[in-house]
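Peer 1: The structure follows.
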Amino acid sequence: MPIRYSFSWLELVLAFHPLSTPACKNALTSSCEKPYFLIGSSLWGMTNSVLSEEQLAERVEAQLPRALEDLKHVVSIPSISSQPEHNEDVEAVADWLVEQLKDTGIDDVRKVVEGGKPAILGHYKVDESLPTVLLYAHYDVQPTGDLSLWHSNPFKPVERNGRLFGRGPADDKGCLTAHLAVLRAFEGKPPVNVTVLFEGEEEIGSPTLADILEANKDELRADFYVIADCGNWAPGQPAFTTTLRGVADCIIEVQTLDHGLHSGEYGGPLPDALTTLCRLLATLHDADGNVAVKGLVGTDECEIDYTEEQLRNESQVLDGVKLLGSGPLGSRLWLKPSICVIGMDTTPISESANLLLPTARARISVRVAPGDSSENVLAHVKAHLEEHNEWGAKLNVYSNEGSEPSVLPAAGPMYDLALQAWEDAFGKRPVPMGTGGSIGMIADFMNAFPEAFVLGCGTSDPDSRMHGIDESLTIEDWKNTAHALALLINRMAVK
1 MPIRYSFSWL ELVLAFHPLS TPACKNALTS SCEKPYFLIG SSLWGMTNSV LSEEQLAERV
61 EAQLPRALED LKHVVSIPSI SSQPEHNEDV EAVADWLVEQ LKDTGIDDVR KVVEGGKPAI
121 LGHYKVDESL PTVLLYAHYD VQPTGDLSLW HSNPFKPVER NGRLFGRGPA DDKGCLTAHL
181 AVLRAFEGKP PVNVTVLFEG EEEIGSPTLA DILEANKDEL RADFYVIADC GNWAPGQPAF
241 TTTLRGVADC IIEVQTLDHG LHSGEYGGPL PDALTTLCRL LATLHDADGN VAVKGLVGTD
301 ECEIDYTEEQ LRNESQVLDG VKLLGSGPLG SRLWLKPSIC VIGMDTTPIS ESANLLLPTA
361 RARISVRVAP GDSSENVLAH VKAHLEEHNE WGAKLNVYSN EGSEPSVLPA AGPMYDLALQ
421 AWEDAFGKRP VPMGTGGSIG MIADFMNAFP EAFVLGCGTS DPDSRMHGID ESLTIEDWKN
481 TAHALALLIN RMAVK
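For what it's worth, full-length UniProt numbering labels the leading residue of the sequence shown as 1, then goes sequentially.
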């Protein structure tokens with residue numbers, strides 16, 4: 001069913017623009033002292049088309065069946081940015097997006113490259129006196145992991161129980177296609193200026209995005225940045241992301257021997273590299289699971305009530321497994337650092353022998369709390385490991401990936417405008433929330449355009465399993481997100 005919004009176009013005009021003359025108040029079609037054009041206009045002094053919200057809802061709803069087919073199509077293309085064998089797939093999605101944007105009636109669109117994967121940059125140019133909204137999403141995806149664990153082929157999307165399963169619908173191709181549905185609904189004539197930026201390397205840390213922003217800075221200036229790569233609190237409950245942790249991944253290499261030695265003849269006095277590495281890794285946390293590295297930023301001041309029951313239900317952690325750390329769960333997830341071991345290079349059990357291993361290597365993911373920096377975190381982690389290298393192993397610690405944390409605005413007229421648009425589309429008011437995940441490009445945007453308003457939203461939810469097996473999104477929430485985006489753009493014209 002089309003969504004019924006709570007404001008008429010006329011009510012919005014009157015609410016947001018107190019008019020100065022009785023003539024204007026009494027007859028919206030009459031002329032005023034200032035050259036406002038009030039029929040089909042936005043009170044910005046020109047005749048761009050502002051749809052009634054009933055018209056807008058009908059247009060968006062009419063686009064959603066096609067948009068869902070678009071989503072299934074683009075999910076079927078394995079645009080895995082981290083794997084060179086999928087470079088052609090990444091290019092294929094980029095080319096497809098250019099063609100889809102041309103089909104919406106965009107004024108100009110092109111691929112931009114600064115030494116990495118292409119980004120798609122396009123503009124709907126209405127009038128320089130009007131505000132500009134920038135819509136961001138990314139079209140690259142994570143690898144699938146073990147295909148045998150998926151209930152269906154990740155690149156043959158299927159609908160089950162109101163959700164769409166595959167690699168990438170929640171992160172972030174659902175947002176891409178929601179943007180497309182909204183742009184088609186406006187038939188190439190949005191009521192304000194719209195810029196689109198679709199990125200192809202978010203899943204590898206956006207290594208060239210800062211260069212793209214700098215090279216195209218004038219084109220990318222906007223009043224309102226919609227970063228559609230975040231998530232919702234729960235299915236049916238929208239949220240706006242207000243804090244994001246950064247990431248400071250690093251590799252830890254340990255060497256204790258020149259070559260492997262017989263574990264029977266030399267085991268005991270000589271330390272093997274794997275045991276040495278495990279002991280070092282164990283020092284990164286205290287007995288309660290708190291990060292034990294000194295000098296890192298974090299806070300227990302979290303106003304959001306995130307319960308242990310909710311966390312256990314959403315994560316499906318095994319019964320009996322204790323939760324780590326201390327302080328409010330929201331703080332542990334969003335406002336304090338975390339350290340996880342996410343990979344190891346060592347001998348597989350099937351190939352192991354009675355041998356003392358000379359070398360071992362691990363990759364750790366350090367999440368950087370808001371207010372800290374990846375540089376500071378890496379420096380203190382390295383110092384901690386060197387201090388606790390009690391067995392005197394040869395130690396090498398170096399950076400693998402890094403991005404900065406962000407704090408997004410959660411107040412003001414722009415934020416209120418977005419709150420109302422999402423509430424009208426979902427029927428529930430968005431809740432502010434943090435995310436422990438890292439979206440470094442948000443920091444890039446905020447550094448490049450410090451004066452602009454940035455909104456973090458998205459189509460995923462705690463059941464989406466982003467980056468994991470059986471990724472999915474709630475189709476109804478995806479539809480509501482499209483309606484909310486359309487409302488936001490339409491209301492920007494009368495705000």
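Idealized CB from N, CA, C, for every residue including glycine. Everything numeric in this text was worked out from a predicted model, so none of it was measured.
Per DSSP, what kind of secondary structure is residue 237 in: helix, strand or coil?
Peer 2: Three-state DSSP puts residue 237 in a strand.
Peer 1: Mapping the DSSP letters down to three states, classify residue 434 as helix, strand or coil.
Peer 2: Note: residue 434 maps to strand in three-state DSSP.
Peer 1: Just grab the DSSP bridge partners of residue 262 for me.
Peer 2: Looking at the DSSP assignment, residue 262 forms a beta bridge with 355.
Peer 1: Can you have a look at residue 454 and say buried or exposed, based on whether 16 or more other CB atoms are within 10 angstroms of its CB?
Peer 2: That one is buried.
Peer 1: Smallest Cα separation from residue 479: which of 428, 450, 459, 74?
Peer 2: Ranking 428, 450, 459, 74 by Cα distance to residue 479 puts 459 first.
Peer 1: Distance, Cα to Cα, residue 260 vs residue 279?
Peer 2: Each residue's Cα considered, the two are about 19 Å apart.
Peer 1: In the region 439 to 473, which residue ranges form an unbroken beta strand (DSSP E) of at least 3 residues, counting only runs that do not cross its ends?
Peer 2: You should have 453 to 457.
Peer 1: Determine, for residue 231, whether the minimum Cβ-Cβ distance to residues of chain C falls below 9 Å.
Peer 2: Considering every chain present, this structure includes no chain C. It has just one protein chain.
Peer 1: What residue from 227, 248, 414, 494 has the CA that sits closest to residue 363's CA?
Peer 2: Answer by Cα proximity: 248.
Peer 1: Identify the continuous beta strand (DSSP E) that holds residue 299 and give its terminal residues.
Peer 2: Unbroken run through residue 299: none, as it is neither H nor E.
Peer 1: Applying the 10 Å Cβ sphere with the 16-neighbour rule, what's the burial state of residue 252?
Peer 2: Residue 252 comes out buried.
Peer 1: Does the region 324 to 331 come within contact of the region 287 to 305, defined as at least 3 CB pairs closer than 8 Å?
Peer 2: Yes, the region 324 to 331 is in contact with the region 287 to 305.
Peer 1: With respect to the beta strand (DSSP E) encompassing residue 481, which residues constitute its N-terminal and C-terminal limits?
Peer 2: Run containing residue 481: none in the beta strand (DSSP E); it sits in the alpha helix (DSSP H), 475 to 492.
Peer 1: So, for residue 210: in the same chain, excluding its five sequence neighbours on each side, which residues have a beta-carbon less than 6 Å away from its beta-carbon?
Peer 2: Here the set comprises 444.
Peer 1: Please state the DSSP three-state secondary structure of residue 407.
Peer 2: If DSSP states are grouped into helix, strand and coil, residue 407 belongs with the strands.
Peer 1: Hey, how far is the Cα of residue 350 from the Cα of residue 485?
Peer 2: Distance between the alpha carbons of residue 350 and residue 485: 53 Å.
Peer 1: Could you check how far apart the C-beta atoms of residue 448 and residue 217 are, in whole angstroms? I think they sit under 8 Å.
Peer 2: 7 Å between Cβ atoms; contact.
Peer 1: What number of angstroms, rounded off, separates the C-alpha of residue 192 from the C-alpha of residue 489?
Peer 2: If you take the alpha carbons of residue 192 and residue 489, they lie about 7 Å apart.
Peer 1: Candidates 492, 403, 231: which alpha carbon is nearest residue 575's?
Peer 2: The structure shown does not extend to residue 575, since the chain is modelled only from 1 through 495, so no value can be given for it.
Peer 1: Quick one: grab the DSSP three-state call for residue 277.
Peer 2: Here residue 277 sits in helix by DSSP.
Peer 1: Helix or strand or just coil, what does DSSP make of residue 148?
Peer 2: DSSP places residue 148 in helix when its eight states are reduced to three.
Peer 1: Is residue 230 helix, strand or coil by DSSP?
Peer 2: Note: residue 230 maps to coil in three-state DSSP.
Peer 1: Buried or exposed: residue 475, going by 16 or more other Cβ atoms within 10 Å of its Cβ?
Peer 2: So residue 475 counts as buried.
Peer 1: With a 10 Å radius around its C-beta and 16 neighbouring C-beta atoms as the bar for buried, classify residue 195 as buried or exposed.
Peer 2: So residue 195 counts as buried.
Peer 1: Taking the Cβ atom as the reference point for each residue, do residue 167 and residue 186 lie within a distance shorter than 9 Å?
Peer 2: No, they are not a contact pair.
Peer 1: If you follow the beta strand (DSSP E) that residue 165 is part of, which residue opens it and which one closes it?
Peer 2: Residues 163 to 165.
Peer 1: At the level of alpha carbons, what is the spacing between residue 46 and residue 133?
Peer 2: Here residue 46 scores only 42 on pLDDT, less than 50, and its place in the model should not be relied on; the value that follows carries that caveat. Approximately 18 Å between the Cα atoms of the pair.
Peer 1: According to DSSP, what are the bridge partners of residue 80?
Peer 2: Per DSSP, 141.
Peer 1: What's the gap between the Cα of residue 483 and the Cα of residue 123?
Peer 2: For residue 483 and residue 123, the distance between alpha carbons rounds to 21 Å.
Peer 1: Starting from residue 267 and walking both ways along the alpha helix (DSSP H), at which residues does that stretch end?
Peer 2: Residue 267 -> no alpha helix (DSSP H), and no H or E assigned at all.
Peer 1: Run through DSSP, which three-state label would residue 388 get?
Peer 2: DSSP places residue 388 in coil when its eight states are reduced to three.
Peer 1: Please identify the residue among 105, 382, 257, 487 whose C-alpha is closest to the C-alpha of residue 366.
Peer 2: Comparing Cα-Cα distances from residue 366 to each of 105, 382, 257, 487, the minimum goes to 382.
Peer 1: Can you tell me the Cα-Cα spacing of residue 75 and residue 175, whole angstroms?
Peer 2: Each residue's alpha carbon lies about 12 Å from the other.
Peer 1: Taking the straight line between their C-alpha atoms, what separation do you get for residue 137 and residue 119?
Peer 2: Rounded to whole angstroms, residue 137 to residue 119 spans 10 Å at the Cα level.
Peer 1: Just to check my reading of the structure: residue 67 and residue 228 have Cβ atoms closer than 8 Å, yes? What is that Cβ distance to the nearest angstrom?
Peer 2: So it is not a contact: roughly 14 Å between Cβ atoms.
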